[in-house]
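Student: Here it is, the structure in full.
Number of protein chains: 2
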Amino acid sequence: MKQGQDLRQLVGYQLQRASLIAERDARRALEPFGLSPAKMTALLLIRDNPGCDQTALGHALGINRSSAMRQVNILEERGLIERRPGRDARTNALHLTASGEEQMATMLAAINAADRALVETLTGEEAVLLGAMLERIARQSPRPRPRRALPDA
Amino acid sequence: MKQGQDLRQLVGYQLQRASLIAERDARRALEPFGLSPAKMTALLLIRDNPGCDQTALGHALGINRSSAMRQVNILEERGLIERRPGRDARTNALHLTASGEEQMATMLAAINAADRALVETLTGEEAVLLGAMLERIARQSPRPRPRRALPDA
DNA sequence: TATTGTTATACTCTATAACTATA
DNA sequence: TATAGTTATAGAGTATAACAATA
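Structure, rendered in structure tokens:
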């Protein structure tokens, strides 16, 4: 099916298409572990930030507290993470369980293999450049939603 | 929140993050028109392929017939596209309506502005290179799902 | 007052499976 | 038999709004 100039020109469109492929491949690679790519990301973030709370995790994942709850619940049900008492009586401290740590190596191997396959048509140099450019785009602070000019309030 | 090496190294992860930003910005830009980014893509694909059928549209969007139906229904309800008799008695030929054509210029201006803002930290040269690399990744034919070795069927 | 976790609820998008009418 | 559209249904993921406990 033809994609006209207007569509092909949009970096956001190309980004979304490439991301869709990446997501599918990652999903397949993680299927044996019953994890979605987003849950694998959550798991890695918890490993990299032991004792973090759910709100911070949600923020890093780009979802809100309520949505983060769901993911944390599922990871906990599967025995990969646990909630420990946090710095407050309000907060939970998230940690990988021993079982989570154990399985991490195998899961990392799977996701890394899928990622290598994803960029197999790129030279190593190109892949690094791509990663750097993507990071620059993602690092942009959330663009403030333009405020209406308060017409007559 | 810290992102360890394992996570930052994954091109798929950076891709997903950048894509998330792009999607949000595009969503905001198209909000006044009541269109999601995916629906704008569908609209552009129909414009670029007048008379296409729903299955082909779904394929281009990466979704199945059933999911394509929904999007087509909504675009039709909003008067942006119409179903005309297709080459078969089975198929519909999708076309933009006059109203759809009319609104296209304004909608394109909005999405293009958002896209320029997305890559504002990149030089024009870099943006072109990025687009080309993303296209190469997306162009990879859907990786065949590895088949089990038929143990004893 | 503000924040954390939590729950209930709803919405969007997607998929699967079945049906129908054509081919 | 195969294909296009359609429908019903279910699932994942998200958001909003409220509440309780705590700060």
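Residue numbers (the numbering used here), protein chains in the order written: chain A, 114 to 266; chain B, 114 to 266. Glycine residues also receive a C-beta, built at the ideal position from the N, C-alpha and C atoms. Note that the coordinates shown come from a computational prediction; the quantities given were computed from them, not determined experimentally.
Below 9 Å on C-beta distance, what does A/A240 contact in chain B?
Tutor: Result: V124 and M246.
Student: If I measure Cβ to Cβ from A/G147 and keep anything under 8 Å in the same chain, skipping five residues before and after, which residues do I get?
Tutor: Contacts found: R191.
Student: Have a look at B/E144, B/A173, B/D166 and B/L120 and flag the residue whose alpha-carbon is nearest the alpha-carbon of B/L221.
Tutor: The option with the nearest alpha carbon to B/L221 is B/E144.
Student: With a cut-off of 9 Å, does the C-beta of A/E195 fall near any C-beta of chain B?
Tutor: A/E195 does not count as touching chain B.
Student: Give me whichever residues DSSP pairs with A/H208 in a beta bridge.
Tutor: DSSP output for A/H208 lists A/E195 as bridge partner(s).
Student: For A/A181 and A/G171, I'd like the C-alpha separation in whole angstroms.
Tutor: Spanning the two alpha carbons is a distance of roughly 5 Å.
Student: Counting C-beta neighbours from all protein chains within 10 Å, is the total for B/T154 16 or more, i.e. buried, or is it exposed?
Tutor: The residue is buried, with at least 16 neighbouring Cβ atoms inside 10 Å.
Student: Can you find the residues in the same chain that come closer than 6 Å, C-beta to C-beta, to B/M114, ignoring five residues on each side of it along the sequence?
Tutor: Correct list: empty, nothing qualifies.
Student: Does the Cβ of A/N186 have 16 or more other Cβ atoms within 10 Å, making it buried, or fewer, making it exposed?
Tutor: Result: exposed.
Student: When you compare the CB of A/N225 with every CB in chain B, is at least one pair closer than 9 Å?
Tutor: It does; some Cβ of chain B falls within 9 Å.
Student: Which whole-angstrom value describes the C-beta separation of B/Q167 and B/L207, a residue pair presumed to lie in contact below a C-beta threshold of 8 Å?
Tutor: Rounded, the Cβ-Cβ distance is 7 Å, consistent with contact.
Student: Kindly indicate the opening and closing residues of the alpha helix (DSSP H) around B/N186.
Tutor: Counting along the chain, the alpha helix (DSSP H) containing B/N186 begins and ends at R178 to E190.
Student: Just the chain A side, please: which residues come within less than 8 Å of B/V232 by C-beta, in chain order?
Tutor: Per Cβ cutoff of 8 Å: V124 and I250.
Student: Cα separation between A/T219 and B/R137?
Tutor: Rounded to the nearest angstrom, the two C-alpha atoms are 33 Å apart.
Student: Taking A/Q127 as the query, report the chain B residues whose CB atoms sit under 7 Å from its CB, ordered along the chain.
Tutor: G244, L247, E248 and A251, listed in chain order.
Student: Is there a Cβ from chain A that is less than 9 Å from the Cβ of B/Q216?
Tutor: No, its Cβ sits nowhere closer than 9 Å to a Cβ of chain A.
Student: Terminal residues of the continuous alpha helix (DSSP H) containing B/P253?
Tutor: First, the amino acid is wrong: residue 253 of chain B is Gln here, not Pro. From DSSP, B/Q253 is part of no alpha helix (DSSP H); its letter is neither H nor E.
Student: If A/A151 sits next to A/L174, beta carbons under 8 Å apart, how far is it from one beta carbon to the other, in whole angstroms?
Tutor: Yes, A/A151 and A/L174 are in contact; Cβ-Cβ is about 7 Å, under 8 Å.
Student: Buried or exposed: which applies to A/A240, given that a residue is buried once 16 or more other Cβ atoms fall within 10 Å of its Cβ?
Tutor: When all chains shown are included, A/A240 counts as buried.
Student: Quick one: list the residues of chain A neighbouring B/K115, beta-carbon separation under 7 Å, in chain order.
Tutor: Here the neighbours are D161 and N162.
Student: Between the C-alpha atoms of A/G199 and B/N177, what's the straight-line distance to the nearest angstrom?
Tutor: The straight-line gap from Cα to Cα measures roughly 45 Å.
Student: Going straight from the alpha carbon of B/Q253 to that of A/D161, what length do you get?
Tutor: Answer to the nearest angstrom: the Cα atoms are 32 Å apart.
Student: Nearest to A/I250 by CA position, among B/A251, B/R249 and B/A227, is which residue?
Tutor: Nearest of B/A251, B/R249 and B/A227 to A/I250, Cα basis: B/A227.
Student: Closer than 8 Å by C-beta to A/A139: which residues in its own chain qualify, once you throw out the five before and the five after it? Chain order, please.
Tutor: Only P150, M153, I224, A227 and D228 meet the Cβ criterion.
Student: Below 8 Å on C-beta distance, what does B/G199 contact in chain A?
Tutor: Within chain A, no residue comes near B/G199; the closest Cβ sits about 15 Å away, beyond 8 Å.
Student: Please work out which residues of its chain come closer than 8 Å, Cβ to Cβ, to A/L212, disregarding the five sequence neighbours upstream and downstream, and give them in chain order.
Tutor: Residue 212 of chain A is actually Ser in this sequence, not Leu. Excluding sequence neighbours, A/S212 sits near G192 and L193.
Student: Are A/L231 and B/A131 touching if we call contact CB-CB under 9 Å?
Tutor: Taking 9 Å as the Cβ cut-off, A/L231 and B/A131 do not qualify as a contacting pair.
Student: Note down the Cα distance separating B/Q116 from B/D201, rounded to an integer number of angstroms.
Tutor: Looking at the two C-alpha atoms, the distance is approximately 54 Å.
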